[in-house]
Every structure is written in C-alpha cells, then in structure tokens.
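Going by my numbering, the first residue of the sequence shown is number 523, and it counts up by one from there.
Quick reminder that beta carbons are idealized off the backbone N, C-alpha and C, glycines included.
Everything numeric in this text was worked out from a predicted model, so none of it was measured.
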Amino acid sequence: AVAAEHMPQAVQATLSSLDQGLDHLSPALAVQVRQLFDVLGQPLTRGPLTGIWGDWSQASDDQLRTFLLRWQNSSLALLRQGHASLLQMILMAWYACPASWAHCVYPGPPAI
Numbered sequence: 523a524v525a526a527e528h529m530p531q532a533v534q535a536t537l538s539s540l541d542q543g544l545d546h547l548s549p550a551l552a553v554q555v556r557q558l559f560d561v562l563g564q565p566l567t568r569g570p571l572t573g574i575w576g577d578w579s580q581a582s583d584d585q586l587r588t589f590l591l592r593w594q595n596s597s598l599a600l601l602r603q604g605h606a607s608l609l610q611m612i613l614m615a616w617y618a619c620p621a622s623w624a625h626c627v628y629p630g631p632p633a634i
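Written out as structure tokens, the structure reads:
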C-alpha cells in the first residue's frame with residue numbers, strides 16, 4: 523500500500539519498471555504482448571472487448587475495474603489469459619520497485 527501523496531511517484535516508478543521489463547522480453551513473448559496492446563489500443567477492438575469505447579486516459583476507475591473483472595471472469599479463455607498477462611506484468615513491475623519492498627517486509631536483494 524502506498525500513501526496517497528506518494529502515489530504519482532509509485533505509478534511512475536512502476537511504469538518505468540514495466541518499460542524496462544518489456545525491453546527484455548524474448549522476441550516470441552514480445553510479439554504476444556504487442557498483440558495484446560494492439561487489441562487494447564485500437565478503438566475497433568477495444569470497445570467491444572473491454573467496454574471502454576473512448577481513450578484509456580478518459581476511462582474512470584469504475585470502467586477500468588469493470589473491464590478487468592470482465593476479462594478475469596470471461597467465458598473466453600483468451601480474455602482470461604489477457605487479464606492474467608496484464609496482472610502478471612504489473613505485479614512484476616511493481617515488486618521490482620524498491621518502494622514496494624517495505625510493504626512485503628523484503629529487505630532488498632543481498633549486496634554482492
């Protein structure tokens with residue numbers, strides 16, 4: 523849990539960590555992630571599959587929660603896999619950030 527006043531920095535650190543992680547994907551996995559982001563980025567597919575018909579930047583927290591729950595509980599395995607992939611990428615990015623370590627009582631990697 524991050525205090526509200528530290529949330530912008532935590533979000534930025536997580537996004538930077540995500541970018542770094544995506545830069546180090548295998549070529550095959552990078553293709554799959556790019557396809558997922560293409561589906562989410564194009565209005566023609568984003569609207570029907572996510573329920574978010576406008577820009578992501580204009581989506582409310584409730585719309586985002588509804589989208590994620592919709593994919594998590596979908597009868598389509600591909601959407602459930604998409605949800606799991608998004609969740610895994612974000613969790614890995616967050617827990618790679620030192621700001622997350624205190625929350626889970628992790629002292630950090632050992633000094634070498």
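A straight line joining the alpha-carbon of Ser-607 with that of Ala-525 spans about 26 angstroms.
Nearest to Ala-615 by alpha-carbon distance, out of Met-529, Gln-531, Glu-527 and Ser-538, is Ser-538. Here Ala-532 is not near Ala-618, since their CB atoms are 7 angstroms or more apart.
Non-local beta-carbon contacts of Ala-535 in its own chain, meaning distances under 7 angstroms to residues more than five positions away in sequence, involve Cys-619 and Ala-621 in chain order.
Exclusion of the five residues before and after Leu-544 leaves no residue of its chain whose Cβ lies closer than 6 angstroms to its Cβ. With respect to Gly-569, Trp-578 sits apart: the two C-beta atoms are not nearer than 7 angstroms.
Going by C-alpha positions, Leu-558 is about 13 angstroms away from Ala-550.
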